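Novice: Below is a structure I'd like to ask you about.
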Amino acid sequence: MKKLLKKLYIFLILLFLYAPIIVLIVYSFNASKSRAVWQGFSLTWYQQLFTDSKILSALETTFLIALIASVVATVLGTFAAMGMMKMKKKTFETVRTITYIPVLNPDIVTGVSLMMLFAFIGIELGFVSMLLAHITFCTPYVIISVLPKLYQLDMSVYEAAQDLGAKPFYALRKTIIPQLMPGIVTGFLLSFTLSVDDFVISYFTTGGHVENLSMIVFSMARKGVNPKINAVSALLFVTVMILLLIVNKRELSSKKHAAKNKDTLLNREKQIIKYRRNEGK
Amino acid sequence: MSKRRFAFPYLIWMTIFIVVPLFLIFFYAFTDNASGKTLFTLEHVKAIFQPLYLKVIGRSFYMSLIATLVCFVMGYPAAMILASKDFSQKNTMLILIVLPMWMNFLLRTYSWLSLLENEGLINRFLVSIGLGQVQLMYNNFAVILGMVYNFLPFMILPIYSVLVKIDKSVVEAAKDLGANGARVFLRIIFPLSMPGVVSGITMTFMPALSTFVISRLLSGGKITLIGNIIEQQFTITGDWGLGSALSLLLMVLIFISMIFINKYGDESVGAGGLL
Amino acid sequence: MGKKIIELKNIYKRFGDFTAIDGINLYINEGEFLTLLGPSGCGKTTTLRIIGGFEQPDEGDVLFEGVRINDVPAHKRPLNTVFQKYALFPHLTVGENVAFGPTIRKISPDIIQKDVKKYLEIVNLEGYEDRDVSTLSGGQQQRVAIARALINKPRVLLLDEPLGALDLKLRKDMQDELKTMHKDVGITFVYVTHDQEEALTLSDTVVVMNNGRILQIGTPVDIYNEPNNAFVAYFIGESNIIHNSIMVKDKLVNIDGVDFNCVDTGFGQNTPVDVVVRPEDVVLVPADKADLKGIVTLVTFKGVHYEIWVEGPTFEWKVHSTLPQTVGDELGITVDPYNIHVMKHEPLEIPSEETAVEV
Ligand SMILES: Nc1ncnc2c1ncn2[C@@H]1O[C@H](COP(=O)(O)OP(=O)(O)O)[C@@H](O)[C@H]1O
Ligand SMILES: [Mg+2]
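Residue numbers (the working numbering), protein chains in the order written: chain A, 1 to 281; chain B, 1001 to 1275; chain C, 2001 to 2359.
The following block contains the structure:
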């Protein structure tokens, strides 16, 4: 009895969380433009989606920015983390605190402050400014993912490699980077996801006609429900699911302990919650 | 070989894109150059205290508090159930609770439109059972609902992660000493879960307080929150001074809540400590 | 010793396919210090938790003063537990921890305050009321846990390896204190340990367990001197356990190829048996003075005595003696008849790490 009530409660919570998403996806296949009436299955909205040049260019912008931003952030952040380890405690603390600012600040504050910066140094709002903004908010996540791996780093292999005649850079590539790889990949994937997902910061740091998907959704949704958005949502949802599965698989195969595997997705979520304290990241 | 210089590119980046913007917020919040010269002023900060804005700030607090409270009331039992040892498939359930957070935040908010509109599913259902149409959107209810929907997992997870860590022998010790179920909860479990509760409250309250998207979409722009005012200053009005002053207010609140989390919250959940 | 206070009747407890408690019958007398002793994983904690009400037996009855209490929840049983890992309430001070039970029972604050003081004194922690429990050492936390249980004046105190996490010296001190406390408060103690020395030192009654069963119940002296079977002998103290012995007839047993006089009867004739001889009961004599002869292979000084290994025809004997011997010498081995313990032959299940610290 008590167990049943518990199950029921969790079911209701899940219903609350999923009903809107499911409705959203179901109606993306509705033949009619009306959301309320079901007029049969159709792929109209998906067809329209792929002929809508605005949406297509937004799609391009979104993934181009996400790709460049996460690559740059990964390189910048990984080296930053390695350098930070060699800093004096005080400097390290200061850099770390500043690094946390974009993570903790509400996105709207990060967004408007960057907007003011671009005006101040005379960068026109558009693709470049948006890209710079994305690199800025992604890099801290890379640093946060790589730092713990650096703490656990076994430096003796690096020294042993040099002792055996390896040049410092070669030794670095062969000994240190492999140990950091899990953190680096996590940081990269995190950056990519956050960048694809971002609305608020992009909203304030772009201009001209450069828009990402979230912004298209926002401007369409302001005018009410639009089945094309439903179609975009469904696609994004599926994409994110697949990405998550890949991330999880990667972790599954990289970890040996079967017992731990169950929790990897979970832990990842928890970690991300730590950072995703604000809307829309 | 000193590897310290590896950090140099980032240090430069950090200075330009994190430190300078922060400084700009302070700069615009406390200066004015109406007369062509940049002068120190408290006008923008004072402007916050005009009745018009005070009302908005009050409303933002009020709605975020309600949303946080609802999240807490809904989320605490859920976290407890998930943390109970006899609950099967708890990992699957947890993943399911976290999963929606991976969906674009805008889309999640948007998804409620199809349900809440006058022509939406809920209203069609109400009409079909003869209850007639109800105005579900464009009001406080819709905005609070949107906040609860978006931030509920942020409440459940920190509380869950503290609850599962509670040593079950401590609970048994309380029973052993004569406490019944209710007493065990009130005297042991709830006090011990406080760090998670503090983290959960901060993690729902702060984003709710600073949102402009939820209010914009679900109230159709009828309800103005702090976030909407800031947005307007930067996209329409161009009053960066006021916008910066309000941003500063949000930052101060974040700062306070961070101190709070570091003191009472669960460090492993809050972002204060490093992983 | 008083009357029976707790009785376990034919208790079974299974976790899935695994039988943790395999038919236990046991009674505990009022006021005694009873110890459940056995290797890690043998079901001691489970037995204690069944008594405390934290675990329901699948079969069998738990009686308290003759009344079945299977369905009485833990918080209503007149017992208190000192948990394996203390289980102090981390958000409460030392004083609040100790006061927890009486507060629940709505006893007036004045009395509680006095009681807290008194019981903290009993456990040698006077003046620690306002300390944060996390600032205490392991031994001090243990004392708080004991005070927190004793203040409720339980009829029975259950202690699950309370000294397991302490270092050796502290352990010895706490053993003495526990013994004193038991005398002073005069309530029944049910104690769990995997440390045979601790069990023998503290207890009035020792219950030796293995694989969810009780192997022997007795006083420490009985258990030590008259082990029921080879496992008990093996587990309790060091022993020579000679498996290939043969009971020739009543009062005559063939050990290591030589006939010895003994006091045991009733095994029949020419029956394979196990024989246990304590190392301190083996007497070494000149080779021509005994039928059983052996060569000294190793001599180690152990502080109080020498440990001497003597290679007999089929068995290597461990001998404790206050006199040293010379490696390589041939000696005679004798044992007094009453020091030879004959028991039914059974395959010995030696636990892999019999003294492993429990997790
Ligand atoms: N809740 C449980 N679920 C499954 N197995 C258990 C549980 N509790 C105890 N066991 C198993 O029962 C056996 C006895 O455990 P326990 O009573 O704790 O042993 P001891 O205290 O003597 O070391 C162990 O093998 C243990 O793994
Ligand atoms: Mg145990």
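Even glycine gets a Cβ: it sits at the ideal position worked out from N, Cα and C. On a predicted model such as this, the values are computed, not experimentally measured, just so you know.
Residues of chain A with CB closer than 8 Å to the CB of K1222 (chain B), please, in chain order.
Specialist: Within chain A, no residue comes near K1222 (chain B); the closest Cβ sits about 13 Å away, beyond 8 Å.
Novice: By the criterion of Cβ-Cβ separation under 8 Å, what are the contact partners of I2051 (chain C) in chain B?
Specialist: What I2051 (chain C) touches in chain B: nothing, since even the nearest Cβ is about 11 Å away.
Novice: Can you pull the chain C residues whose beta carbon is under 9 Å from the beta carbon of L1163 (chain B), in chain order?
Specialist: None at all; the shortest Cβ gap to chain C is about 14 Å.
Novice: Once DSSP output is grouped into helix, strand and coil, what is the label at K2013 (chain C)?
Specialist: If DSSP states are grouped into helix, strand and coil, K2013 (chain C) belongs with the strands.
Novice: Given this structure, state the Cα-to-Cα distance separating M2343 (chain C) from A2165 (chain C), to the nearest angstrom.
Specialist: About 36 Å.
Novice: Under the DSSP definition of a beta bridge, which residues are partnered with Y2110 (chain C)?
Specialist: Per the sequence shown, the amino acid found at residue 2110 (chain C) is Asp instead of Tyr. Its beta-bridge partners do not exist; DSSP assigns none.
Novice: With a 10 Å radius around its C-beta and 16 neighbouring C-beta atoms as the bar for buried, classify K256 (chain A) as buried or exposed.
Specialist: At K256 (chain A), the pLDDT of 38 sits below 50, so the modelled position is not reliable; the number obtained from the coordinates is stated separately. Burial call: exposed.
Novice: Is L1250 (chain B) closer than 8 Å to F1061 (chain B) when the C-beta atoms are compared?
Specialist: For F1061 (chain B) and L1250 (chain B), no; Cβs fall outside 8 Å.
Novice: Excluding sequence positions up to five away, which residues of its chain have a Cβ less than 7 Å from the Cβ of G1272 (chain B)?
Specialist: Bear in mind that the predicted position of G1272 (chain B) carries a pLDDT of just 31, short of 50, making it too unreliable to give a figure here.
Novice: Using C-beta distances below 7 Å, list every residue in its chain close to S2245 (chain C), excluding the 5 sequence neighbours before and after it, in chain order.
Specialist: These residues qualify, in order along the chain: V2253, N2254, I2255, V2273, D2274 and V2275.
Novice: Report yes if the C-beta distance between S70 (chain A) and F192 (chain A) is below 8 Å; otherwise report no.
Specialist: Closer than 8 Å, so yes.
Novice: Closer than 7 Å: is that where the CB of S2040 (chain C) sits relative to any heavy atom of ligand 1?
Specialist: S2040 (chain C): yes, Cβ under 7 Å from ligand 1.
Novice: DSSP three-state call for R2213 (chain C): helix, strand or coil?
Specialist: Three-state result, R2213 (chain C): strand.
Novice: Just verifying my parser: in three-state terms, what is the DSSP assignment at A259 (chain A)?
Specialist: For A259 (chain A), the predicted model reports a pLDDT of 38, less than 50, meaning its position is unreliable and no value from the coordinates is stated.
Novice: What did DSSP end up calling M2247 (chain C) once you bin it into helix, strand or coil?
Specialist: It is a strand residue.
Novice: Considering only the alpha carbon of each residue, which of B:V1198, B:F1023, B:G1241 and B:L1106 lies closest to M215 (chain A)?
Specialist: Looking at the Cα atoms, B:L1106 is the closest of the given residues.
Novice: Which residues mark the beginning and the end of the beta strand (DSSP E) in which W2309 (chain C) is found?
Specialist: That run of the beta strand (DSSP E) goes Y2306 to E2311.
Novice: Roughly how many angstroms lie between the CA atoms of V7 (chain A) and A1182 (chain B), to the nearest whole one?
Specialist: According to the sequence provided, residue 7 (chain A) is Lys. The question's Val does not apply to it. When rounded, the distance between both Cα atoms is 21 Å.
Novice: Distance check for G2023 (chain C) and V2207 (chain C), CA to CA, integer angstroms please.
Specialist: Each residue's Cα considered, the two are about 14 Å apart.
Novice: Is the beta carbon of F204 (chain A) closer than 8 Å to that of G77 (chain A)?
Specialist: No, the pair does not count as a contact, with Cβ atoms beyond the cut-off.
Novice: On the three-pair Cβ rule with 8 Å, is the segment 2130–2150 of chain C touching the segment 1191–1210 of chain B?
Specialist: No, because fewer than three Cβ pairs between the segment 2130–2150 of chain C and the segment 1191–1210 of chain B fall closer than 8 Å, the two stretches do not touch.
Novice: Quick check on A259 (chain A): buried or exposed, where buried means 16 or more other Cβ atoms within 10 Å of its Cβ?
Specialist: Caution applies to A259 (chain A), whose pLDDT of 38 falls short of 50 and renders its modelled position unreliable; the value that the coordinates give is listed next. Classification for A259 (chain A): exposed.
Novice: Is any non-hydrogen atom of ligand 1 found closer than 7 Å to the C-beta of K2251 (chain C), if you look at the structure I gave you?
Specialist: Result no, Cβ not under 7 Å from ligand 1.
Novice: Does the beta carbon of F2018 (chain C) fall short of 7 Å from some heavy atom of ligand 1?
Specialist: The answer is yes for F2018 (chain C).
Novice: Buried or exposed: which applies to R1005 (chain B), given that a residue is buried once 16 or more other Cβ atoms fall within 10 Å of its Cβ?
Specialist: When all chains shown are included, R1005 (chain B) counts as exposed.
Novice: Taking 8 Å as the CB-CB cut-off, is V1252 (chain B) touching chain C?
Specialist: Closer than 8 Å: no.
Novice: Check whether the segment 2311–2327 of chain C touches the segment 2276–2292 of chain C, taking contact to mean three or more Cβ pairs, one atom from each stretch, closer than 8 Å.
Specialist: Counting Cβ pairs under 8 Å, three or more are found: they touch.
Novice: In terms of residues, what are the limits of the beta strand (DSSP E) holding N2029 (chain C)?
Specialist: Note, N2029 (chain C): beta strand (DSSP E), F2018 to N2029.
Novice: Is the CB-CB distance between I2241 (chain C) and Y2234 (chain C) below 8 Å?
Specialist: Yes. Within cutoff.
Novice: Under DSSP, the beta strand (DSSP E) around P2279 (chain C) begins and ends at which residues?
Specialist: No beta strand (DSSP E) contains P2279 (chain C), which DSSP labels as neither H nor E.
Novice: Consider the Cβ of G1200 (chain B): report whether some Cβ of chain C lies at a distance smaller than 8 Å.
Specialist: Taking Cβ atoms only, chain C never reaches closer than 8 Å to G1200 (chain B), which makes this a no.
Novice: If we ignore side chains and look at the alpha-carbon of each, how far apart do F127 (chain A) and L1113 (chain B) end up?
Specialist: Approximately 30 Å, taken between the alpha carbons.
Novice: Applying the 10 Å Cβ sphere with the 16-neighbour rule, what's the burial state of D2291 (chain C)?
Specialist: Classification for D2291 (chain C): exposed.
Novice: Determine whether the beta carbon atoms of V2299 (chain C) and V2263 (chain C) lie at a separation below 8 Å.
Specialist: The answer is no: Cβ separation not under 8 Å.
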